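Written below as structure tokens is the structure these notes are about.
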Amino acid sequence: MSTYEPTETLDVKGLSCPMPVVKTRGAVDDLESGGILQVVATDSGSMSDLKGWADSTDGVSMLEQEEAEEDGDAVFRHFIQKE
Numbered sequence: 001m002s003t004y005e006p007t008e009t010l011d012v013k014g015l016s017c018p019m020p021v022v023k024t025r026g027a028v029d030d031l032e033s034g035g036i037l038q039v040v041a042t043d044s045g046s047m048s049d050l051k052g053w054a055d056s057t058d059g060v061s062m063l064e065q066e067e068a069e070e071d072g073d074a075v076f077r078h079f080i081q082k083e
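In terms of the UniProt record's numbering, the sequence shown is numbered consecutively and its last residue is 83.
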């Protein structure tokens, strides 16, 4: 479990590339500076896709990524901070 307290949570479960990144970009744009967005996804590709997006986007930091299991399904959580 993450130690970060998200400002907002974005649920992109069931969506596959590129939609988690597209929706994350829009949600980050709406955050206040310093805000933390938690993105909850079921697409395993979101681990590399969102990390790559955050690394190549100015004003955004990937704080943490984690994989968990919920109801027998893999769930990926991403904590992204707007700088």
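Positions of the beta carbon are idealized from the N, C-alpha and C atoms, including for glycine. The structure displayed is predicted, hence computed values, not measured ones.
Any idea what DSSP makes of D49, helix, strand or coil?
helix
I need the DSSP call for D73, collapsed to helix, strand or coil.
strand
Following the continuous beta strand (DSSP E) through D11, name the residue where it begins and the one where it ends.
E8 to D11
Beta-carbon within less than 8 Å of E69's beta-carbon, same chain only, minus the 5 sequence neighbours each way: which residues are those?
V75
So T24 packs on L50, CB below 8 Å; how close in whole Å?
6 Å
Cross-strand partners of A68 (DSSP beta bridge):
V75
Considering only C-alpha positions, which residue in the set G72, D71 and D55 is nearest to F79?
D55
In angstroms, rounded to a whole number, what distance separates the CA positions of Q65 and V40?
10 Å
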